[in-house]
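There are 2 protein chains.
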Amino acid sequence: MNGAETVVRTLVSQGVDLCLANPGTSEMHFLAAMDTQPGLRAVLALHENVATGAADGFARIAGRPASTLLHLGPGLANGLSNLHNASRALSPVVNIVGDHAVAHRRLDAPLTSDIEALARTVGVATRTALPGADIAAETASTIAQARGPVPGVATLLLPADTAWSEATERPVAARAAEPPSAVPDAATLDAAAAALRQPGAVLFLGFGAVRGEALEAAGRIAAATGAALVGQTTNPVLERGLGRVCVERLPFAADAALRRLCGVPALVLAGARAPVAFFARPDQPGRLWPPGCALVELAAPHADAQAALLALADRLGAHSAAGVRRHQAEPAPGGDSWIGQALASSLVEGCIVVDEALTHAVAIAAATASAPPHLCLQNMGGSIGYGAPAATGAALAAGGRPVITLIGDGSAMYTIQALWTQARERLPVITLIIANRAYRILELEAARMQVHPPGPAMQAALHIGAPDLNFVQLAEGMGVPGRRVHNAAQLAAALAEGLRARGPLLIQVDV
Amino acid sequence: MNGAETVVRTLVSQGVDLCLANPGTSEMHFLAAMDTQPGLRAVLALHENVATGAADGFARIAGRPASTLLHLGPGLANGLSNLHNASRALSPVVNIVGDHAVAHRRLDAPLTSDIEALARTVGVATRTALPGADIAAETASTIAQARGPVPGVATLLLPADTAWSEATERPVAARAAEPPSAVPDAATLDAAAAALRQPGAVLFLGFGAVRGEALEAAGRIAAATGAALVGQTTNPVLERGLGRVCVERLPFAADAALRRLCGVPALVLAGARAPVAFFARPDQPGRLWPPGCALVELAAPHADAQAALLALADRLGAHSAAGVRRHQAEPAPGGDSWIGQALASSLVEGCIVVDEALTHAVAIAAATASAPPHLCLQNMGGSIGYGAPAATGAALAAGGRPVITLIGDGSAMYTIQALWTQARERLPVITLIIANRAYRILELEAARMQVHPPGPAMQAALHIGAPDLNFVQLAEGMGVPGRRVHNAAQLAAALAEGLRARGPLLIQVDV
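Right, dumping it as structure tokens:
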């Protein structure tokens, strides 16, 4: 058994069954190995950032890592920005990168570069499986490190000679059991309880705290203490909709976030990072919690927020979240987006919404707050071009549940190639392109900077409507049917068509 | 004047007049500065790898650097593979990357990453312009290092607070004169002359040696010594066609290259790297020159090959290249590609051909060997997705001369967004997509590995025909007219149409 076969066999034995691939010559033995060692399904992407973004989306829904397969340093570089996003989402990804044979690196052939340096910028672990090493152990360690304790991108560089050479067969330990979850100690629980009882206190939720039992427990705690439930501006997987515990979203705009947290006496962090501004401004602090506000960390972002919140709810004797659930009768303020309203009437229970709507996101979220319960995936690293790839990976994990992607036109163009993989794999992904013909978020920045009228360079950089992008043609060029809509009725009809078809559909929403 | 304005003014004063941009919030002050400090033209790309590949193409034709404008680490990452290609082409690129304000980096906001580490993987120089530093001097040094002595990618990180803060005004030295070109010493010239007189010797040409006066001198040397003129497998700019000195191309496939150089007693390197295999194989050496073959370096890849070859021609008393020019009467062997023949009859003198045809490249090159004189740009770093961006940049430098891009369908999908910039800037670029519905180069690898029949993973990874990519729709979706052709007559007609239109056109060539 050669090294490539050993890697594939180890991946499968450790529970990795999907390989999101954009391979080249150095990865040919790995491809061949997938055909001799069963259990690892290859899905091709036409660009590496589709493969890596799909690995992020897959991990968020499946709760376990997929592998990638990338071609040397440039292949890794192409996929790096969505690995950055995955890393910020604490998504486990087993990132396999082919490398030149070890002796060949010294010759500085055209594709040679410092792959480890690239991988280290996004990774929790980076290693090279040298020929003669214990390849199965190296692979198993990579997978284990991707899983945690802080999950993330673990990269295994596989030199071509490792892949093609006979590997020493050594048994790999069976996958270790998950470590028992750590519950905060009594002092932390008491500090959190005391903090939350202060008027205006905030239970700040992120990562594992905005879903499932953790979210239910947070709702009970809020009901018992009177604390507000505020979520991170973005979260990897947020459960929301009718009957769910309501979580207010901390605004993206730092001035609005500062206003929201102004006067808050205490922030209890449950699976959340302490909030900071996305970007600095000359006249504004970067930390978003006010001076004098106490921070109590109940659970770190990678920790078991569910166990921590359940323990706190128990300590508080908090048994009911009735008052903090979302009910049909409570329309969210600002929910007058016609896109959001059409979406709200179309969402089906259990569906997955991948949100890269940027400047439209808040209004759409308000309108869908009382829609049937659904999962919402958000961009954690801020690098745009995450939506279509993440939706592709989410659909690969979701067992036929529909996925609806909301993307701005500017963002969509970074990774539009994801549509082709959706078509090839016949994935039930409906992609809404919200086409405003601008990098609207930058227009808002320009307005804030009081650049008016914008000069030609600013105009050239912010407006993408000349020539006009026709996403219906782009989609159909990649095998995905496309529709173009201009109002809520047309959008609802197109969404219904997409949900019936159970395959990919693109809807260009002109605004 | 703030830091951003100082950077822009310094770029302009040092001869940089084009900025290939994909900006974000951190770059807003730079955009505003381009509108207050005249002379730097902004051209928007919808993906960073289009911007960086265009900077490579621009530098090759203009002979001077353009700047980029990229958004933090993920923006740089997205453009990194074409910076890798630019770096391998010794193309000067002034790579401007916005960064968070210095104090904001410590807060580890979502877009924070190690930008310098990324930049160092492709760069001749990487620096951060900290607030309070001499910003004009930092900018001028970056430009100077991009220019040489070894030209390449020089990165200037511009933190947001440097951009928005008042910069100290200090005079910048005028641009230094080019250093006098160094001519090889007499001993090297004599060694080269003696080596080339041996039967079977090769004058191995690369970079500056395959164009202009350098190429003419190489022809005279070959005629005088009987040495063969062999070029690197790829070169940044190759002059070829009717009346030009003929240069044989070292084959891409290592086994064919080894056969060509077998028995060669001496290789005189003029602007060329000593040839190595693109990829290692278990049964094959990585160095392509045979044991016992003498290597004489007349000029390093970044050195003044023209001065060196002129000096050698003088020393040899070599006055005529008549015997080694390309004439109409000499069809190149293997020139029976119908694509190549249609192209040969359509090329106009002085046009630019950007070659990313991969498995079709050799046959097309044979067919166009006696076409009107033209420039050929090739991929130097091996990372695919270089063609459409490089053509975009070449056209921005070429003052209306037509550019014809040859790209395989697989390669084209990496950076298809370049078409939009071609449409927006109304660039006379004709893009030929040679659609064989496969990563054909990997199919050849699979055949060589004797993987037959290929299993499902191999099949999935190599074949991109299901669903079929319709490049006409993709082009029209980005504002570029498209045609689809199936034979030489249709192709010639479409090429004629494109040349008449003097704007972008895409031709899908089904093979």
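So the protein sequences, as listed, match chains A and B. Under our numbering, the residues of the first sequence are numbered 1 to 511, in order. Under our numbering, the residues of the second sequence are numbered 1001 to 1511, in order. Cβ coordinates follow ideal geometry from the N, Cα and C atoms, glycine included. Bear in mind the structure is a predicted one, so any value in this text is a computation, not a measurement.
Check whether chain A comes within 7 Å of residue i, counting only Cβ atoms and requiring the distance to be less than that.
i: Asp1114 (chain B); result: yes
i: Thr1121 (chain B); result: yes
i: Thr1359 (chain B); result: no
i: Asn1095 (chain B); result: no
i: Asn1078 (chain B); result: yes
i: His1104 (chain B); result: yes
i: Gly1206 (chain B); result: no
i: Leu1044 (chain B); result: yes
i: His1452 (chain B); result: no
i: Ala1397 (chain B); result: no
i: Tyr1239 (chain B); result: Note on residue identity: the sequence assigns Glu, not Tyr, to residue 1239 (chain B). Answer no: the Cβ-Cβ gap between Glu1239 (chain B) and chain A never drops below 7 Å.
With DSSP as the reference, label residue i as helix, strand or coil.
i: Pro389 (chain A); result: helix
i: Arg483 (chain A); result: strand
i: Ile135 (chain A); result: helix
i: Val264 (chain A); result: coil
i: Asn1085 (chain B); result: helix
i: Arg244 (chain A); result: coil
i: His452 (chain A); result: coil
i: Asn22 (chain A); result: strand
i: Phe1030 (chain B); result: helix
i: Ser113 (chain A); result: coil
i: Asp1099 (chain B); result: strand
i: Asp1355 (chain B); result: strand
i: Glu443 (chain A); result: helix
For residue i, tell me which candidate among the options has the shortest Cα-Cα distance.
i: Ile1404 (chain B); options: B:Leu1495, B:Gln1459, B:Gln1473; result: B:Leu1495
i: Ile364 (chain A); options: A:Leu377, A:Ile352, A:Trp338; result: A:Trp338
i: Ala1227 (chain B); options: B:Leu1261, B:Gly1212, B:Gly1243; result: B:Leu1261
i: Gly208 (chain A); options: A:Ala299, A:Thr162, A:Leu469, A:Leu267; result: A:Ala299
i: Ser1026 (chain B); options: B:Thr1128, B:Val1050, B:Ala1163; result: B:Ala1163
i: Ile1433 (chain B); options: B:His1029, B:Ala1361, B:Leu1444; result: B:Ala1361
i: Gly1503 (chain B); options: B:Ala1435, B:Val1007, B:Gly1263, B:Trp1420; result: B:Trp1420
i: Thr1415 (chain B); options: B:Ala1051, B:Gly1498, B:Leu1505, B:Val1429; result: B:Ala1051
i: Ile464 (chain A); options: B:Met1458, B:Gln1417, B:Glu1497; result: B:Gln1417
i: Leu1076 (chain B); options: B:Ile1115, B:Asn1085, B:Gly1053, B:Gly1335; result: B:Ile1115
Just how far apart, CA to CA, sit residue i and residue j?
i: Val959 (chain B); j: Ala1388 (chain B); result: The shown model of chain B, from 1001 to 1511, leaves out residue 959 (chain B), and the question about it has no answer.
i: Ala103 (chain A); j: Asp1355 (chain B); result: 30 Å
i: Val1183 (chain B); j: Gln1490 (chain B); result: 50 Å
i: Ala254 (chain A); j: Leu269 (chain A); result: 19 Å
i: Gly1003 (chain B); j: Glu1425 (chain B); result: 29 Å
i: Gly1039 (chain B); j: Leu1020 (chain B); result: 14 Å
i: Gly455 (chain A); j: Gly1231 (chain B); result: 47 Å
i: Met413 (chain A); j: His71 (chain A); result: 23 Å
i: Ala1305 (chain B); j: Gly1271 (chain B); result: 5 Å
i: Gly1241 (chain B); j: Leu1358 (chain B); result: 20 Å
i: Arg1482 (chain B); j: Ile1507 (chain B); result: Here the sequence assigns Gly to residue 1482 (chain B), which means Arg is not the residue at that position. Gly1482 (chain B) and Ile1507 (chain B): Cα-Cα distance of roughly 6 Å.
i: Gly1219 (chain B); j: Leu1189 (chain B); result: 16 Å
i: Glu1048 (chain B); j: Arg106 (chain A); result: 30 Å
i: Ala222 (chain A); j: Ala322 (chain A); result: 10 Å
i: Thr1126 (chain B); j: Met1380 (chain B); result: 21 Å
Would residue i pass as an interface residue toward chain B - the criterion being a Cβ-Cβ separation below 7 Å?
i: Ala160 (chain A); result: yes
i: Gln422 (chain A); result: no
i: Gln417 (chain A); result: yes
i: Ser383 (chain A); result: yes
i: Gly286 (chain A); result: yes
i: Phe278 (chain A); result: yes
i: Thr368 (chain A); result: no
i: Ile300 (chain A); result: Inspection of the sequence shows that residue 300 (chain A) is occupied by Ala rather than by Ile. Chain B contact via Cβ: absent.
i: Gly455 (chain A); result: yes
i: Leu250 (chain A); result: no
May I ask you to list, following chain order, the residues of the stretch 1080-1091 of chain B that have a beta carbon less than 7 Å from some beta carbon of chain A? Leu1080, Ser1081, His1084, Arg1088
Quick one, which residues of the stretch 467-480 of chain A are near chain B if we go by CB-CB under 9 Å, in chain order? Pro467, Asp468, Leu469, Asn470, Phe471, Val472, Gln473, Leu474, Ala475, Glu476, Gly477, Met478, Gly479, Val480
Which residues, taken in chain order from the stretch 1370-1394 of chain B, show a beta carbon closer than 9 Å to some beta carbon of chain A? Asn1379, Met1380, Gly1381, Gly1382, Ser1383, Ile1384, Gly1385
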